[in-house]
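Here is the structure we will look at.
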Amino acid sequence: MKAKVTLLSGDGIGPEICQEALKVLSAIEDKYDHEIEVREALFGGIAIDQTGSPYPDQTRVLCKESDAVLLGAVGGPKWSDPKSETRPEKGLLDMRSDLGVYANIRHIKTYPQLIENSPIKNKYLENVDIVFVRELIGGIYFGQKERNENDAMDVCQYTKDEIIRITQVAIELASARKNKITSVDKANVMATSQLWRSVTTDLIESQFKDIELEHILVDAATMHLLSRPSDFDVILADNLFGDILTDEASMLTGSIGMIPSASLGNESFGVYEPIHGSAPDIQNQGIANPCGMILSLALLLRHSLKLETEASAIESAVNETLNQGIYTADLSNKDVVDTAHNGFSNRI
Ligand code: NAD
385 MKAKVTLLSG
395 DGIGPEICQE
405 ALKVLSAIED
415 KYDHEIEVRE
425 ALFGGIAIDQ
435 TGSPYPDQTR
445 VLCKESDAVL
455 LGAVGGPKWS
465 DPKSETRPEK
475 GLLDMRSDLG
485 VYANIRHIKT
495 YPQLIENSPI
505 KNKYLENVDI
515 VFVRELIGGI
525 YFGQKERNEN
535 DAMDVCQYTK
545 DEIIRITQVA
555 IELASARKNK
565 ITSVDKANVM
575 ATSQLWRSVT
585 TDLIESQFKD
595 IELEHILVDA
605 ATMHLLSRPS
615 DFDVILADNL
625 FGDILTDEAS
635 MLTGSIGMIP
645 SASLGNESFG
655 VYEPIHGSAP
665 DIQNQGIANP
675 CGMILSLALL
685 LRHSLKLETE
695 ASAIESAVNE
705 TLNQGIYTAD
715 LSNKDVVDTA
725 HNGFSNRI
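For the record, in the sequence shown the residue sitting at position 243 is 627 according to my numbering, with numbers rising by one throughout.
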């Protein structure tokens, strides 16, 4: 098949892990006879440096002309001055909103090979298999913002339609799994959470009686994720809570470097990226774990290009690599390999 992918390597370890994903993509093209045109565009801090904007117009155009976007990570200390006019992370929010990708799917599954690497006791980690559905283009990250020297404000707003739209994604995923949704909110104090709770309840109880719906407060959710992680199937959360909880949940797998994500809208188009950030603390050391990035490529092939066999081939290659004990430094203390020497593409 022929397809167009826009690559946004971004900042920090972004370019290092994107190079590894490109090697794997090239192996897929050779083996399965595809022609996937990869067009790279500026995004994040590097785009601010070169154009003044973290999401320049040329990047916007390329993304919109593509079948999918593959994204590394953005941000870093160079662009973190609270007084600066724009930030790399603003590009992320603008892009997600501009491309209409409202559902961020993050699958947290423990790898038996990595169970010893998790800071959580082994007995809690068996059978952990959670799909997070995070609302991505609403809530407090997108509400009205104001700031002066003595005062600052971030408005959190959700409409009923936005909540229905993201709940439907969770319903679809839960229906193909264990029919269980845990919806996370802060309904004891937040108006948006009260609306969230009543909309999700009405929708699921009126039309999807097979689905078991559980509500938990976000503060309790942080605890339950560590004390009973294998009880969860699909976790539905707003933008802020989903962002925080998935970083916490990544520790169940042993490293945030292992986890891919897909940000989807109504069509097959999607933005695919690892859940971690630009990791400036390990930038340019060649030690970043490329698995989350490579597994994001697998999600791109599966969801946007409908190439299930190829996506599974990548996931098997990652699994085989772990089976062979080939680990980056975040996964082991001894005999580690660097980012570029995992040999994933040879296992396609
Ligand atoms: P981070 O996810 O970049 O790093 C957290 C910790 O995890 C660090 O110790 C890092 O070394 C480690 N880590 C992350 N990815 C790794 C990998 N692939 N292999 C091995 N170790 C890895 O979070 P942070 O340090 O809070 O944020 C750094 C920058 O990234 C900030 O500017 C933040 O705003 C930005 N950020 C960007 C995104 C994104 O691009 N989608 C997401 C989160 C944070």
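By construction, the Cβ of each residue, glycine as well, lies at the ideal position given by its N, Cα and C atoms. Note that the structure is a prediction, hence the values are computed from the model and not measured.
- Query: If you check the beta carbons only, do A457 and S680 fall under 8 Å apart?
  - Reply: no
- Message: Is it buried or exposed, I430, if we count other Cβ atoms within 10 angstroms and call 16 or more buried?
- Response: buried
- Message: Using 8 Å for Cβ pairs, my map puts P440 next to T470. What's the rounded Cβ distance?
- Response: 11 Å between Cβ atoms; not a contact.
- In chain order, what residues of the same chain have a beta carbon less than 6 Å from the beta carbon of L683, not counting five sequence neighbours either side? P644, A646, Y656
- Query: Taking Cβ positions, are N673 and L609 nearer each other than 8 Å?
  - Reply: no
- Closer than 8 Å by C-beta to W580: which residues in its own chain qualify, once you throw out the five before and the five after it? Chain order, please. Y542, I547, S567, D569, A571, D622
- Query: CB-CB under 8 Å to P399, same chain, minus the five flanking residues each way: which ones, in chain order?
  - Reply: S393, G456
- Message: I'd like to check one pair, V422 with L391: are the Cβ atoms closer than 8 Å?
- Response: yes
- Look at the alpha carbon of N703 and the alpha carbon of R531, and state the distance between them as a whole number of angstroms. 47 Å
- Which partner residues does I524 have in the DSSP bridge list? According to DSSP, I524 bridges with nothing at all.
- Start-to-end residues for the alpha helix (DSSP H) that takes in N707: 692-707
- Taking 7 Å as the cut-off, does the CB of A457 come closer than this to any heavy atom belonging to the ligand NAD? yes
- Item | Within 8 Å, strictly: CB atoms of H660 and I640 | yes
- Item | Where E530 falls: helix, strand or coil (DSSP) | strand
- If you run the structure through DSSP and keep just helix, strand and coil, what is V721? coil
- Taking the Cβ atom as the reference point for each residue, do T584 and L597 lie within a distance shorter than 8 Å? yes
- For the alpha helix (DSSP H) that K544 lies in, which residues bound it at each end? 544-559
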